[in-house]
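Residue numbers (my numbering), protein chains in the order written: chain A, 3 to 202; chain B, 3 to 202.
Protein chains: 2
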Amino acid sequence: MSKGSETRREIIRRSAPIFNQKGFAGTALSDLMEATGLEKGGIYRHFSSKEQLASEAFDFTWDLAVRTRLEGTEDIANTVDRLKKMVRNFVERRAGLVPGGCPILNTAIESDDGNRVLRERARNALSEWSARIEKVVAEGKKKSEVRREIEPRKISALIISTLEGALMASRLLQEKQPLIWACDHLESYLDKEVRAGKAA
Amino acid sequence: MSKGSETRREIIRRSAPIFNQKGFAGTALSDLMEATGLEKGGIYRHFSSKEQLASEAFDFTWDLAVRTRLEGTEDIANTVDRLKKMVRNFVERRAGLVPGGCPILNTAIESDDGNRVLRERARNALSEWSARIEKVVAEGKKKSEVRREIEPRKISALIISTLEGALMASRLLQEKQPLIWACDHLESYLDKEVRAGKAA
């Protein structure tokens, strides 16, 4: 990797926590200069705009989040157990993430009435995350591990809504309880209403 | 009401949609001037700071949201049916609200790593909303309409998390479906797992 691309990556890595915590509008040039140790020219030699840097910082933050949410799920054979693990990962594996909470939630809330480029980024990430969950549900239906009447998109939407809302509440109240309750609820729901009975 | 307090209220009413859509950091003085038709001095004669105006705008937005979410609930005798109505109101009664989505969600996401005064406002609103739901659940337990083992705080947290997360997804994707699924799910959950059986 050239010196230039290394610097570029380092700027993204150091800016990501600022954008994820302060938001696009809330991030000042001075914040970026402090985080990177570079002057304005040193930063913007590598990016055409604040929007471009914020977009790449979003991708960095989201990539790390996805990998963490999927950790140890691939090797779980039963699809319902795999979904439960994805839920638990969201709740339990929060160390090592880019600080500031879920980048989809943060970017969605800030950009739903605003910045189109960032909004598109968040929307694609949400769709990608949803598609991953739907795929597991669909595989489960095929293997008769998931009840036949279950709609993959609905299960995916419920899991995402419940977890994202609980994350918002947990972060605001600075207590883990809403996330723990959300996890318990989803695990019990997956066992009781999604998992196919032995007779299925 | 004096002319001064009327102007003050009007500034709050007109600023509320700006803050709720653009956020605190994303709201520029020029946005507030355009919305109110006043110059800087005309606005800040009535408020000590942007933070004070944003706080009062939050209260205005939240007050309207609470009243809308509670509409027609008080006269429902059965507590589980009252909870279901509170859920449905959140999903169905979105016209007439201050544009921009739920002020708790918006303010929580922007301020969880930032502005303390607004964060406190959002936190109090969340606690107040949660307490209202908990009170209905507790009343339901007393009247044996709600199962004895149900914990009011947990039910309240689940309802809030699911609805707020679904609102985020619905607004980001610009489709109502996540909110409709959240409503269906919560209604079914309340019927199946919260409502006391006839034998109770």
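The beta-carbon is built from N, C-alpha and C at its ideal position, and this holds for glycine as well.
{"query": "Under the rule that 16 or more other beta-carbon atoms within 10 Å means buried, what is B:A202, buried or exposed?", "result": "The pLDDT assigned to B:A202 is 44, lower than 50, so where the model puts this residue is not dependable; a value taken from the coordinates is nonetheless given after this. B:A202 comes out exposed."}
{"query": "Determine the burial state of A:V93: buried for a count of at least 16 other Cβ atoms within 10 Å of its Cβ, exposed for fewer.", "result": "buried"}
{"query": "Reducing DSSP to helix, strand and coil, say where B:V100 ends up.", "result": "coil"}
{"query": "For A:G28, would you say it is in contact with chain B, using Cβ-to-Cβ distances shorter than 9 Å as the test?", "result": "yes"}
{"query": "Do the CB positions of B:A184 and A:L72 come within less than 9 Å of each other?", "result": "no"}
{"query": "Between B:E177, B:A124, B:K87 and B:A97, which lies nearest to A:L175 when the distance is taken from Cα to Cα?", "result": "B:A124"}
{"query": "What residue does the alpha helix (DSSP H) around B:D186 start on, and which one ends it?", "result": "Q179 to Y191"}
{"query": "Indicate whether the contact test is met: 3 or more Cβ pairs, each with one atom in the segment 98-105 of chain A and one in the segment 8-22 of chain B, closer than 8 Å.", "result": "no"}
{"query": "Could you pull out every residue in the same chain whose Cβ sits closer than 8 Å to the Cβ of B:R173, ignoring the five residues on either side in sequence?", "result": "G103"}
{"query": "When you compare only the Cα positions, how much space is there between B:A27 and B:M35?", "result": "16 Å"}
{"query": "Got a sec: is the Cβ-Cβ distance from A:M170 to anything in chain B below 9 Å?", "result": "yes"}
{"query": "Quick check: what's the CA-CA separation for B:H48 versus B:L107?", "result": "27 Å"}
{"query": "Suppose contacts are defined by Cβ-Cβ distances below 9 Å. Is A:V89 in contact with A:R134 by that definition?", "result": "no"}
{"query": "So A:V82 and A:L181 are supposed to be a Cβ contact under 8 Å. How far apart are they, rounded?", "result": "The pair is not a contact, with the Cβ atoms about 21 Å apart (cut-off 8 Å)."}
{"query": "Could you tell me whether the Cβ atoms of A:G25 and B:G167 are closer together than 9 Å?", "result": "no"}
{"query": "Rounding to the nearest angstrom, what Cα-Cα distance links A:A56 and B:K86 in this structure?", "result": "40 Å"}
{"query": "Can you list, in chain order, the residues of the segment 41-59 of chain B whose Cβ is nearer than 7 Å to any Cβ on chain A?", "result": "none"}
{"query": "Is B:E147 closer than 9 Å to B:R197 when the C-beta atoms are compared?", "result": "yes"}
{"query": "By the 9 Å beta-carbon criterion, what residues does the segment 174-192 of chain B contribute toward chain A?", "result": "L174, L175, Q176, Q179, P180, L181, W183, A184, D186, H187, S190 and Y191"}
{"query": "Please confirm whether A:E130 has its beta-carbon closer than 9 Å to some beta-carbon of chain B.", "result": "no"}
{"query": "Given that B:T164 touches chain A, what residues does it touch there, using C-beta distances under 9 Å?", "result": "L160, S163, T164, G167, A168, A184 and H187"}
{"query": "For A:K24, decide whether its Cβ has a neighbour in chain B, counting only Cβ atoms nearer than 9 Å.", "result": "yes"}
{"query": "With a threshold of 9 Å between beta carbons, is B:E112 in contact with chain A?", "result": "yes"}
{"query": "If you reduce the DSSP assignment to three classes, tell me which class A:R84 lands in.", "result": "helix"}
{"query": "What's the gap between the Cα of B:S190 and the Cα of A:E195?", "result": "11 Å"}
{"query": "Threshold first: 4 residues or longer. Then list the alpha helix (DSSP H) segments lying entirely within the segment 102-127 of chain B, N to C.", "result": "105-113"}
{"query": "Between the alpha carbons of B:D186 and B:L165, how many angstroms are there, rounded?", "result": "11 Å"}
{"query": "Which residue marks the beginning of the alpha helix (DSSP H) containing A:F60, and which one marks its end?", "result": "K52 to L72"}
{"query": "Per DSSP, what kind of secondary structure is A:R197 in: helix, strand or coil?", "result": "strand"}
{"query": "List the endpoints of the continuous alpha helix (DSSP H) containing A:G28.", "result": "K5 to G28"}
{"query": "Counting only Cβ pairs nearer than 7 Å, list the residues of chain B close to A:G116.", "result": "K24 and G28"}
{"query": "Apply the 10 Å Cβ neighbour rule to A:A110 and answer buried if 16 or more other Cβ atoms are within range, or exposed otherwise.", "result": "buried"}
{"query": "By the criterion of Cβ-Cβ separation under 7 Å, what are the contact partners of A:K156 in chain B?", "result": "W183"}
{"query": "Out of A:Q179, A:E53, A:G116 and A:L128, which has the shortest C-alpha to C-alpha gap to A:D65?", "result": "A:L128"}
{"query": "Which partner residues of A:V148 appear in the DSSP bridge assignment?", "result": "A:R197"}
{"query": "Taking B:N117 as the reference, give the member of B:K52, B:E136 and B:L31 with the closest Cα.", "result": "B:K52"}
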